[in-house]
Amino acid sequence: MEEYYLMWLSRIDGFGFKRIYHLLEHFGSAEAIWFAEPSELREVRGLHDKMIEQLLSSRDESQLNDWIIELEEKEIEFYSYWHPRYPKLLRTITDPPVGIYVRGELPDDDIDTVAIIGARKCSRYGATVAYEIAKDLGKTNVIVVSGMARGIDSEGHRGIMDGGGKTIAVLGCGVDICYPPENQELMQRIAENGCIISEFAPGTPAMPGHFPSRNRIIAGLSKMVVVVEAGKKSGTLITADLALDYGRDVFVVPGNVTSALSKGTNELIKQGCPIITEGNDILIALGIAYKEEEKVKFKIKTAENISAEEKEIYDLMEAETPISAETLCRKLHKDIQDVQYILSLLELSGYIIKIPQAGYIRAN
């Protein structure tokens, strides 16, 4: 029952992690807090009369039983911060949720988790890159974490599952509510191929104020974060900033410098975040060996002839001797962002291959 008493504490408005931790230090268990006398509660330092009133009025055994029955009926698990199944990475952040509700199966802590996040109103380029990178990761033992939002998030979830892997969706509502509504089929598939997580109780609707809280969990659950597309001021950048605060690595897919959807990502590149153009870049960063013959090249349906800008770069490449992006910049007198963007398009289209730590060659 201790977990259910912890769940009760987590549902009291205004009782965050620090306050509940303080109460547990004083009483020893959530069950003891449930049964504590008003006089005992008044002995707790920093617990004001209004808080004591909240605690006392929230002790409703019938309601607690209803919550427990609801979890059982909807096949939802609750894991408090102190439960052995609570993700270890999430425990390390400065403001961890008191508990999480889970539909599906939480992965083991020794499996690498990578967040793929980006714009809701993404471009076709962004959607394709997110999907293909995630799909490539699906052939490894890496789990993709995202927020099941429209656009990049959804493509990341679909890609990893289409590649045979598992994924985690973190919601800004209850795990029994589908948001956005059109993702009902995707949500069910995620529950069967990974899990859905939220710190919000079942039945809680999606609200704007919930998403910053959701974003910190995405960052907290992930060993590294990959940003595909992001505007200059967006929730995606907030998640990236949180990840950096938590000591996570943040990688960026370069975008078109003229696109509003690339302003945020290109700004992260300027700040020193490394560039990602394929799933293998992620695996190298994670220290995972990936045999070249098993690697699936990314393909985008493109016109038969490449553009003049792409051809200009392609013509400077050879089939055996790699050339770096910096060398291409010097030869063409172009900015690094412009060159990296075109290199990404050529690579994703299958015209060139990136050789780690060396540069790029033509794909014969």
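Going by this note's numbering, the first residue of the sequence shown is number 1293, and it counts up by one from there. Heads up, the beta-carbon is just placed ideally off N, CA and C, and yes, glycines get one too. Treat the numbers as computed from the prediction; the structure is a model and nothing was measured.
Item	Value
Separation of PRO1399 from ILE1634, as counted between CA atoms	37 Å
Every unbroken beta strand (DSSP E) inside the stretch 1337-1412 [3 residues or more]	1369-1372, 1391-1396, 1404-1409
Integer-rounded CB distance, given that THR1557 should sit under 8 Å from VAL1545	7 Å
Whole-angstrom distance between GLU1601 and CYS1621, CA atom to CA atom	13 Å
Span separating the alpha-carbon of THR1528 from that of LEU1298	31 Å
Cβ-based burial, PRO1388 [other Cβ within 10 Å; buried from 16]	buried
ARG1654 - partner residues in DSSP beta bridges	ILE1644
Closest residue to ASP1454 among ARG1303, SER1599, PRO1504, LYS1431 (Cα-Cα distance)	LYS1431
Same chain, Cβ closer than 8 Å to GLU1585, neighbours up to 5 away in sequence not counted	Unreliable placement is indicated for GLU1585, whose pLDDT of 38 sits below 50; the coordinate value is still reported in the next sentence. None.
Best match in SER1616, SER1636, THR1531, ILE1628 for proximity to TYR1652 [C-alpha to C-alpha]	SER1616
Check whether SER1302 and VAL1390 have beta carbons under 8 Å apart	yes
Exposed unless 16 or more other CB atoms sit within 10 angstroms - verdict on VAL1519	buried
Three or more C-beta pairs below 8 Å linking the stretch 1372-1380 and the stretch 1344-1351	no
Continuous beta strand (DSSP E) assignments of at least 3 residues falling wholly in the stretch 1497-1571	1516-1519, 1541-1544
DSSP bridge partner residues for VAL1462 (one or two, in chain order)	ILE1489
Beta-bridge partners of VAL1434, as assigned by DSSP	ASP1404
Buried versus exposed, by CB contacts within 10 Å (16 or more), SER1438	buried
Straight-line Cα distance separating THR1496 from GLU1618	50 Å
C-alpha distance - SER1636 paired with SER1490, whole-angstrom precision	35 Å
Status (buried if at least 16 other CB within 10 Å, exposed otherwise) for GLN1476	exposed
Whole-number beta carbon distance between LEU1381 and LYS1515, since they are thought to touch under 8 Å	7 Å
Residues bridged to ILE1615 [DSSP beta-bridge criterion]	TYR1652
Residue burial classification, HIS1625 (beta-carbon count within 10 angstroms, cutoff 16)	exposed
Nonlocal neighbours in the same chain, by C-beta distance under 7 Å from LYS1587, ignoring five residues either side	Residue placement at LYS1587 cannot be trusted, given a pLDDT of 39 that sits under 50; what the coordinates show is reported in the next sentence. Hits under 7 Å: ASN1572.
For ILE1361 and ILE1680, the rounded distance between their alpha carbons	Nothing about residue 1680 can be reported from this structure: the residues present for the chain run from 1293 to 1656 only.
Buried versus exposed call for GLN1629 [16 or more other C-beta atoms within 10 Å across all chains shown]	buried
Neighbour-count burial assignment, HIS1340, 16 or more Cβ in a 10 Å radius	exposed
Inter-residue Cα distance where the pair is ILE1392 and ILE1561	33 Å
Helix, strand or coil at GLU1477 according to DSSP, with G and I counted as helix	helix
Inside the stretch 1301-1327 only - alpha helix (DSSP H) runs reaching at least 4 residues	1309-1319, 1322-1327
Simplified DSSP assignment, three categories, for GLY1448	helix
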